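What follows is one structure encoded as structure tokens, with my remarks underneath.
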Amino acid sequence: MQDRYSNIPNQLKEFIVSQDHDDYTAIDHACWRFIMEISKRFFKDHAHDAYLAGLRGTGITINSIPKISDMDDKLQEIGWRAVPVRGFLPPTIFMQFQAHSILPIASDMRTADHMTYTPAPDIVHEAAGHSPIIVDEDYSKFLKKYGACAVNALYSNEDHEIYLAIRRLSDIKENPGATSEDIKMAEENLQSSVDSITFISEAAYLARLNWWTVEYGLVGEMHAPRIYGAGLLSSVGESYNAIHGNVKKILLSLDCINYSYDITEQQPQLFVARDFDHLSEVLSEFTNKMAFSRGGIKSIQQAIKCKSVCTFKLDSGLQVSGVPSEVIGEDKEQYYIFSGPVQLSCNGKQLDGHGGEYHCSGFSSPLCSEDILKQIQTMETDQPVDLDFGSGIQLTGTLSKKLILEGKLLVASFLDCTIKRGDQVLFDPSWGTFDLACGSVVVSVSGGPADMQTYIKHMQMEPPNKTKPDYLVHHSQKEENLIDLYNEVKAMKGQSACDEDAMKMILAKIGLLFPKEWLLRFQLLEILNSHGQSDLCGEIESKILSIASGRGDLLSSIKRGISRLNSSS
Numbered sequence: 001m002q003d004r005y006s007n008i009p010n011q012l013k014e015f016i017v018s019q020d021h022d023d024y025t026a027i028d029h030a031c032w033r034f035i036m037e038i039s040k041r042f043f044k045d046h047a048h049d050a051y052l053a054g055l056r057g058t059g060i061t062i063n064s065i066p067k068i069s070d071m072d073d074k075l076q077e078i079g080w081r082a083v084p085v086r087g088f089l090p091p092t093i094f095m096q097f098q099a100h101s102i103l104p105i106a107s108d109m110r111t112a113d114h115m116t117y118t119p120a121p122d123i124v125h126e127a128a129g130h131s132p133i134i135v136d137e138d139y140s141k142f143l144k145k146y147g148a149c150a151v152n153a154l155y156s157n158e159d160h161e162i163y164l165a166i167r168r169l170s171d172i173k174e175n176p177g178a179t180s181e182d183i184k185m186a187e188e189n190l191q192s193s194v195d196s197i198t199f200i201s202e203a204a205y206l207a208r209l210n211w212w213t214v215e216y217g218l219v220g221e222m223h224a225p226r227i228y229g230a231g232l233l234s235s236v237g238e239s240y241n242a243i244h245g246n247v248k249k250i251l252l253s254l255d256c257i258n259y260s261y262d263i264t265e266q267q268p269q270l271f272v273a274r275d276f277d278h279l280s281e282v283l284s285e286f287t288n289k290m291a292f293s294r295g296g297i298k299s300i301q302q303a304i305k306c307k308s309v310c311t312f313k314l315d316s317g318l319q320v321s322g323v324p325s326e327v328i329g330e331d332k333e334q335y336y337i338f339s340g341p342v343q344l345s346c347n348g349k350q351l352d353g354h355g356g357e358y359h360c361s362g363f364s365s366p367l368c369s370e371d372i373l374k375q376i377q378t379m380e381t382d383q384p385v386d387l388d389f390g391s392g393i394q395l396t397g398t399l400s401k402k403l404i405l406e407g408k409l410l411v412a413s414f415l416d417c418t419i420k421r422g423d424q425v426l427f428d429p430s431w432g433t434f435d436l437a438c439g440s441v442v443v444s445v446s447g448g449p450a451d452m453q454t455y456i457k458h459m460q461m462e463p464p465n466k467t468k469p470d471y472l473v474h475h476s477q478k479e480e481n482l483i484d485l486y487n488e489v490k491a492m493k494g495q496s497a498c499d500e501d502a503m504k505m506i507l508a509k510i511g512l513l514f515p516k517e518w519l520l521r522f523q524l525l526e527i528l529n530s531h532g533q534s535d536l537c538g539e540i541e542s543k544i545l546s547i548a549s550g551r552g553d554l555l556s557s558i559k560r561g562i563s564r565l566n567s568s569s
């Protein structure tokens, strides 16, 4: 794994896991095959034209779960990568992956109980949902633009609390051992986090845009749109309802960010883009309003409200990263204060000696006029200074050092430094060396640190989820017996003749030990149909439909699966 991903940033490698392809059971592969067979047939008529070509072009197999390493090889041919991860990633990390044109693929497989939809990321959603449409150049271009935009979005501490609540709820809902009380508590926890929101951040608005496009987007004519969203491409139930149900269709515009969503429910409305260039147009409209595009005091105030790590970029190119706590100024920023730890960078690289360890207690600085900058540039070190920054801000001290990079003055350091604004002390000599950030205006305010690789250790990041859920690793004896039956049926598929007596014996075992098991019966029905109709077909078909009776999307999906078998026999 190390060699394959050697050129991926270290902070992202931490979230890469081993796919362990041999650990998938015969049930997992049967579940994948059922979903893909239905999907391929349905999406041939109802997905964007890139879908079928995308399955071939990104290494996605139909009969068995694909190897992510094979997908990675294929995607590299079109400028993308694929890596295996587990579960929901922290939003900051997910956007970092996307900004590097890397598709993180949750490697776990959904359980058969969640065949038509799972609230947890899994390989059906990530591989069969996200990958195929990437082969379209216009869509790929949009995704890369989205990644570059999203990695700069201001996110709040409230966003992180909601992420944790969603992650917990999705994990619990996918766990077969979870009780109704477990689910209820997780749902209440999520609702409590949602109810506690005081404002909607840029990242949250951008997540909505992602939801209504990348996850649940439709494209084409309003009266007959095609599916391209990964959430729909990986949900055999909701995708059918999106086309044939009563879901409201709305022409895509930036107004979609005003529609919230619930990951545990099917969507009441969907948005239709004219084409994939339309996606880029809407994204550009949003990007132009973001703090990293505008800068200035309003963007700074917005960042302070978020109470999370962000980066101020000055017109000199200096980047100040940390959690901003205060700004002085009315129409224009005059002095800003960060709580620690703080990182100073340029061009996305931390400056030597100016990391979070050094600026562990915070950082503050006035903005410098051109006159102030010229004075500092011409000063000799060890020279006492008395600088007037305007608006009542005065600095006295001794210039000890200047940091110049590529001919630009970035940082000026002062000893015995006092900074006052009238009677207010902004910096006291007892606090140590004062480092002045040299710049006259904040041109950009973006989410996250400038140099993530060196700063991430200072962030309160949820540790990577590398452990497989226990229910995927340890199987009860009953589950092992069911897996054995699936393997027996799988072996039958390669036989030239159909042994109906052997099938009857397996059906008897299923009836005795697993009376509610429909997918294994469907596998037998598939074999019988491949050898021509049999008297057993009607019996098995009736039993499957009886088991799925009243189960909504599952029953509908099974009927579609049976229709596929009957039409091909």
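Residue numbers 1 to 569, in the working numbering, belong to the letters of the sequence shown in order. Heads up, the beta-carbon is just placed ideally off N, CA and C, and yes, glycines get one too. Computed from a predicted structure; not experimentally measured.
In the three-state reduction of the DSSP assignment, residue 116 falls in the coil class. In terms of CA proximity to residue 384, 399 leads the group 17, 399 and 535. Nearest to residue 432 by alpha-carbon distance, out of 444, 447, 348 and 415, is 415.
The count of Cβ pairs closer than 8 Å, one atom from the region 282-289 and one from the region 416-427, stays below three, leaving the stretches out of contact. In terms of Cα proximity to residue 127, the closest of 158, 136 and 67 is 67.
Assignment of residue 311 by DSSP, reduced to helix, strand and coil, places it in the strand class. As the crow flies, the alpha-carbon of residue 526 is around 7 Å from that of residue 565. For residue 335, the three-state secondary structure derived from DSSP is strand.
A direct Cα-to-Cα measurement between residue 265 and residue 301 gives close to 35 Å. The Cβ atoms of residue 91 and residue 195 do not sit closer than 8 Å to each other.
The distance from the Cβ of residue 489 to that of residue 524 is about 6 Å, consistent with a contact at the 8 Å cut-off. Around the Cβ of residue 4, a 10 Å sphere holds fewer than 16 other Cβ atoms; the residue is exposed. Counting only the Cα atoms, residue 509 lies some 46 Å from residue 248. A distance of 8 Å or more separates the beta carbons of residue 556 and residue 229. Residue environment analysis places residue 529 among the buried positions, since at least 16 neighbouring C-beta atoms fall within 10 angstroms of its C-beta. Measuring C-alpha to C-alpha distances from residue 435 to each of 452, 397 and 465 identifies 397 as the nearest. In the assembly as shown, residue 152 is a buried residue. Its beta-carbon has 16 or more other beta-carbons within 10 Å. If you look at residue 102, you'll find it in the beta strand (DSSP E) that goes 102-106. Note on residue 48: 16 or more other CB atoms within 10 angstroms of its CB, so buried under the neighbour-count rule.
It is roughly 23 Å from the alpha-carbon of residue 111 to the alpha-carbon of residue 163.
Contact annotation: the region 6-26 does not touch the region 495-503, with fewer than three C-beta pairs closer than 8 Å. Residue 411 is positioned such that its CB atom lies no closer than 8 Å to that of residue 368.
For residue 250, the enclosing beta strand (DSSP E) stretches over residues 248-251. In the three-state scheme derived from DSSP, where H, G and I count as helix and E and B as strand, residue 496 is classed as coil. In this structure, the beta-carbon distance from residue 212 to residue 142 does not fall below 8 Å. Out of 340, 331 and 332, the CA that lies nearest to the CA of residue 325 is found in 340. DSSP places residue 81 in the uninterrupted beta strand (DSSP E) bounded by 81-85. In chain order, 343 and 454 place their CB closer than 7 Å to the CB of residue 355, counting only its own chain and leaving out the 5 sequence neighbours on each side. A Cβ-Cβ separation of about 6 Å places residue 34 in contact with residue 519 under the 8 Å criterion. Shown here, residue 344 sits in a strand according to DSSP, grouped into three states.
The continuous stretches of alpha helix (DSSP H) do not include residue 417, which lies in the beta strand (DSSP E) extending over residues 408-421.
Separation of the CB atoms of residue 106 and residue 123 is rounded to 6 Å, and the pair is thereby assigned contact status at 8 Å.
The beta carbon of residue 466 lies closer than 7 Å to those of 17 and 86 in the same chain, with the five residues before and after it left out. For residue 420, the CB contacts under 7 Å within the same chain, skipping 5 residues up- and downstream, are 394 and 426 in chain order. Distances from the CA of residue 255 to each of 73, 402 and 273 were compared; the closest alpha carbon is that of 273.
Here DSSP, grouped into helix, strand and coil, assigns residue 474 to coil.
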